[in-house]
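Enquirer:
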Amino acid sequence: SKHDIQLTGALIADQHCVIINTQGIVSLTPTNNAKTFVNGNLISESTVLHHGDRVILGGDHYFRFNHPAEVQSGKRVSCWTGAGDGHKDFEFAKNELLAAQRAQLEAEIEEAHLKAKEEMMQGIQVAKEVAQKELSDQKLLYEDRIRALEKELNEETGRKRQQELDQQRVASQMAELKNANLELEQEVDTHKKRVRLHMEAQAMEEHRVCQAKIVDALEAEKKKISKELQEMQNKRALRRPMDTRFTLSPQWDAMKLSLMIEEANKISAKLKKTTVFSRHESSEKENRNHGGLLQVRVQNIKLGISTFWSLDKFQNNIAAMRELDQGDATAKDDDVFYDPDDEWEQDISASSASASSFSRRSIRSRSLLKSRRISGRLYEIRVHPIQSLHNGPSQSAGLMGAAKPPSTHSRSIDSAVPGICKELIGQSVSRLRGSGGTEDGMADRLASDLHLMYAAVQTISDIYDSLDDDSEENVFLCNSVALTELVKATVAVESTVRVTAQWLASVKPSSGQLYNVAEELKSQVKKMGGFFQLLIQGCESEITSMVTEARRKSSQCLDAALLALSHLAAVTGIPLNAVEGGPQDTGKQSFVMCLVRGTSMGVGSLLEESLSISREMLREAQLAYPRNPLLRGLKSKVPDLARALQNYMHCHTVSFSSSAVFASATHLQRLKTTVTKMFQLKQAIRQLHSCLSTALRGKDSDSNLSSCTETISSSAK
1 SKHDIQLTGA LIADQHCVII NTQGIVSLTP TNNAKTFVNG NLISESTVLH
51 HGDRVILGGD HYFRFNHPAE VQSGKRVSCW TGAGDGHKDF EFAKNELLAA
101 QRAQLEAEIE EAHLKAKEEM MQGIQVAKEV AQKELSDQKL LYEDRIRALE
151 KELNEETGRK RQQELDQQRV ASQMAELKNA NLELEQEVDT HKKRVRLHME
201 AQAMEEHRVC QAKIVDALEA EKKKISKELQ EMQNKRALRR PMDTRFTLSP
251 QWDAMKLSLM IEEANKISAK LKKTTVFSRH ESSEKENRNH GGLLQVRVQN
301 IKLGISTFWS LDKFQNNIAA MRELDQGDAT AKDDDVFYDP DDEWEQDISA
351 SSASASSFSR RSIRSRSLLK SRRISGRLYE IRVHPIQSLH NGPSQSAGLM
401 GAAKPPSTHS RSIDSAVPGI CKELIGQSVS RLRGSGGTED GMADRLASDL
451 HLMYAAVQTI SDIYDSLDDD SEENVFLCNS VALTELVKAT VAVESTVRVT
501 AQWLASVKPS SGQLYNVAEE LKSQVKKMGG FFQLLIQGCE SEITSMVTEA
551 RRKSSQCLDA ALLALSHLAA VTGIPLNAVE GGPQDTGKQS FVMCLVRGTS
601 MGVGSLLEES LSISREMLRE AQLAYPRNPL LRGLKSKVPD LARALQNYMH
651 CHTVSFSSSA VFASATHLQR LKTTVTKMFQ LKQAIRQLHS CLSTALRGKD
701 SDSNLSSCTE TISSSAK
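Residue numbers (the numbering used here): 1 to 717.
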């Protein structure tokens, strides 16, 4: 810049003002409306400065103008000459500026107040217009209702007037008709009793006819199945005389499938699973020409549900069953017998449930109504028996009778979905605002998501259990809380899978105990997502056993996942602060205990790994034969160091294994401190091992050898 005087600040313009000295007369001219004050007054044109004038540029740069010539000549014009020649300092100049600009500030404040009041009045006017419109609409509605009520009142008044005339006309006959009135009342009471008895008899007759109709339908269904069975037997009898070269392959496939089903049932019984496999051949008319659609029926006896597998899927799953039977029993056994993508339905077979075991909810459940084992005739009677009796064959009203208008719950839930998403987005953004530069670690994030999933399972299952058996609404359609928990849990599942994958990718376990713990965590996360799918299907299909099983299994998976999570966090040195900020509203008492047990296992793993490194260091020192005298002296000290480390690890392992485990946050905090020190000790021992191994081989020794020993010494304390 080429300016003679250069100032900085946001209120200083690039070309702020020009100061001119002409024959001893100094003038100041502001440029481009830059704020310049002389003696507290805002100037907009050239102003002559005198000795003692206060010049303020931009509002935050204060100057006092000194004019030696005026001092010598005795000229002391402007405000400096007023109010005496007292000391004028910075506070005086600031107060002078405030006093001079007070009117302008008050005007600006008043203008801001007026503007705010105008905006408030505009808002009030808009609200007033909206309220006026609502009042007008209500007024029109009330006027219509008043006119209708007036009409009814006039009619009632006319009737009362007519009654009064009748009463006046028959007043003289009241005495004679009193006895007749009593007799009439008795006759009315008798008639009411007859009508009530007639209605009860009619209801009993309708119930008897309904039962007879159901019995007839069951008999017809029985005859239909018997006929189909007879046709199948006839077909089988016709196929036997055929040439064996044409029937060899189908017979072999059928026998092979039977053997595979028998093998699957034996493996299921051996693994103590409540799953039974059987052959299922569809007898639908469209498949009769092709010998029926062959499938494998899968029944869960414990839950009273069943599904159907294709032959390809059954062959793939039985291969996995054989691996389990041969001893490769990992955490994938539930995946073999339960696929979240299967469509389960209520099992109505005699082997799994009796007719009395079905509740009213299960009888009308969507799963049971979709069952391929219920024919159309039984379907209509089971859903609406009275209506199917009253409707003739020509006026069938469909499955549920006359069409119903869209449910109010459906409309309200549809309108609630955007609000739910808005709330979730707001919560996520608020966490980012309140983070203060800190971010939750992967272990903390994973623990939080797992808790959120289990809390959703609890809430949804509780809402499902609280529904009335006569309710025909789906739990997600009649309750916005259940839908909110469903959306939250869905987001949590996606986050859990992503965080787990990122964590395991950063650790990269290949073998050993770390690999087993990582696989256990991945398996439990996968299981928890699968059981949440089971819960959703159970709620939608209204199968109570599936909902109960999903809740029970989710609780077990949460315990196992927290155990593996805390174990992996300890071994990898990842901080876990789930107790301080984790959710505690799930009602699980085993939360802290699982973290304590997992962290304890992590401490044991760190001690075991450090002990293994010490043994390897001792073995390498015994096998090394250095020629350098210094290295030989170093070799003689390494065994003592390795044995001392081994004794230290062994003593701590014995002491730690015999110590009691308490489910308290204080005990967990002590364990976390121990984990931090043990992890540092393990890293230092590993680095010391590397340095000593390099030195004993005659290569350049690591310069960090002394720092390793210091770290070991401080960690061992």
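The beta carbon of each residue, even a glycine, is placed where N, CA and C say it ideally should be.
(1) Check for me: the alpha helix (DSSP H) holding Ser-610 runs from which residue to which?
(2) Suppose the cutoff is 8 Å on Cβ atoms and the five residues either side in sequence are ignored; what does the same chain contact list for Leu-389 look like?
(3) Taking its Cβ as the centre, do 16 or more other Cβ atoms sit within 10 Å of Glu-542, making it buried, or is it exposed?
(4) If you count every other CB in all the chains shown that lies within 10 Å of the CB of Ala-171, and 16 or more means buried, which is it?
(5) Could you pull the start and end residues of the alpha helix (DSSP H) that Pro-68 belongs to?
(6) Which residue wins for smallest C-alpha separation from Leu-257, given the options Ser-226, Glu-343 and Asn-316?
(7) In terms of residue numbering, what span does the alpha helix (DSSP H) encompassing Gln-122 cover?
(8) Under the assumption that Ala-569 contacts Leu-562 (Cβ atoms under 8 Å), give the Cβ distance between them as a whole number of angstroms.
(9) Measuring straight from C-alpha to C-alpha, what distance separates Gly-52 and Asp-4?
(10) For Arg-194, does the count of other Cβ atoms within 10 angstroms reach 16, so buried, or fall short, so exposed?
(11) Does the contact criterion of 3 or more C-beta pairs under 8 Å hold for the segment 452-466 versus the segment 509-521?
(12) Ignoring anything shorter than 3 residues or poking outside the segment 9-64, list the beta strand (DSSP E) runs there in chain order.
(13) What is the DSSP secondary structure of Gln-211, counted as helix, strand or coil?
(14) Out of curiosity, what's the CA-to-CA distance linking Thr-8 and Thr-36?
(15) Using C-beta distances below 7 Å, list every residue in its chain close to Pro-405, excluding the 5 sequence neighbours before and after it, in chain order.
(16) With burial defined as no fewer than 16 other Cβ atoms inside 10 Å of the residue's Cβ, what is the status of Pro-68: buried or exposed?
(17) CA-CA distance, Phe-92 and Asn-39?
(18) Reducing DSSP to helix, strand and coil, say where Gln-299 ends up.
(19) When the Cβ atoms of the segment 221-232 are set against those of the segment 264-280, are three or more pairs found closer than 8 Å?
(20) Are Ser-554 and Leu-303 closer than 7 Å when you measure CB to CB?
(21) Let me confirm a value: Lys-488 is counted as buried when at least 16 other C-beta atoms fall within 10 Å, else exposed. Which label applies?
(22) Which same chain residues, not among the five before or five after Met-174, have their C-beta less than 8 Å away from its C-beta?
(23) Would you kindly work out how many angstroms separate the C-alpha atoms of Ala-722 and Ala-492, rounded to a whole number?
(24) Distance, Cα to Cα, Thr-496 vs Met-453?
(25) Where Asn-265 and Met-255 are concerned, what is the direct C-alpha to C-alpha distance, given to the nearest angstrom?
(26) Please classify Thr-496: does DSSP put it in a helix, a strand, or coil?
(27) My guess is that Gly-602 and Val-571 are in contact by the Cβ rule of under 8 Å, so how many angstroms apart are they, rounded?
(28) For Ser-555, which of helix, strand or coil comes out of DSSP?
(29) With 16 as the cutoff for other CB atoms within 10 Å, does Asp-468 come out buried or exposed?
(30) For Thr-307, write down the residues that DSSP places opposite it in a beta bridge.
(31) Can you name the residues that DSSP bridges to Val-276?
(32) Answer yes or no: do Asp-347 and Ile-305 have a C-beta to C-beta separation smaller than 7 Å?
(33) Is the number of C-beta pairs between the segment 514-522 and the segment 531-538 that are closer than 8 Å three or more?
(34) In whole angstroms, what separates the C-alpha of Leu-668 from that of Gln-427?
(35) For Gln-6, name the three-state secondary structure that DSSP assigns.
(36) If you follow the alpha helix (DSSP H) that Tyr-338 is in, where does it begin and where does it stop?
Expert: Straight from the coordinates:
(1) 591-623
(2) With a pLDDT of 35 at Leu-389, under the threshold of 50, the modelled position of this residue cannot be trusted; read the value that follows with caution. Excluding sequence neighbours, Leu-389 sits near Glu-206, Val-209, Cys-210 and Lys-213.
(3) Buried: at least 16 other Cβ atoms inside 10 Å.
(4) exposed
(5) 68-73
(6) Asn-316
(7) First-last of the alpha helix (DSSP H) with Gln-122: 90-170.
(8) That belief does not hold up - the Cβ atoms of Ala-569 and Leu-562 are roughly 10 Å apart, past 8 Å.
(9) 22 Å
(10) Within 10 angstroms of the beta-carbon of Arg-194 lie fewer than 16 other beta-carbons, which makes it exposed.
(11) Short answer: they don't touch.
(12) 17-22, 25-30, 36-38, 47-49, 54-57 and 61-64
(13) Helix.
(14) The straight-line gap separating the alpha-carbon atoms of Thr-8 and Thr-36 is approximately 15 Å.
(15) At Pro-405 the pLDDT is 45, less than 50, meaning the model places this residue with poor confidence; the figure from the coordinates comes in the next sentence. There are no such residues.
(16) Pro-68 counts as exposed, since fewer than 16 other beta carbons sit within 10 angstroms of its beta carbon.
(17) 10 Å
(18) In this structure, Gln-299 counts as strand in the three-state DSSP scheme.
(19) no
(20) no
(21) buried
(22) none
(23) This structure cannot speak to residue 722, because the chain is shown only from 1 to 717.
(24) Distance from the CA of Thr-496 to the CA of Met-453, rounded to the nearest whole angstrom, comes to 9 Å.
(25) Rounded to the nearest angstrom, the gap between the Cα atoms of Asn-265 and Met-255 is 15 Å.
(26) Correct three-state label for Thr-496: helix.
(27) Correct: roughly 5 Å between the Cβ atoms.
(28) helix
(29) exposed
(30) According to DSSP, Thr-307 bridges with Val-298.
(31) Gln-299
(32) yes
(33) no
(34) 29 Å
(35) coil
(36) In the DSSP assignment, Tyr-338 falls outside any alpha helix (DSSP H) and carries neither an H nor an E.
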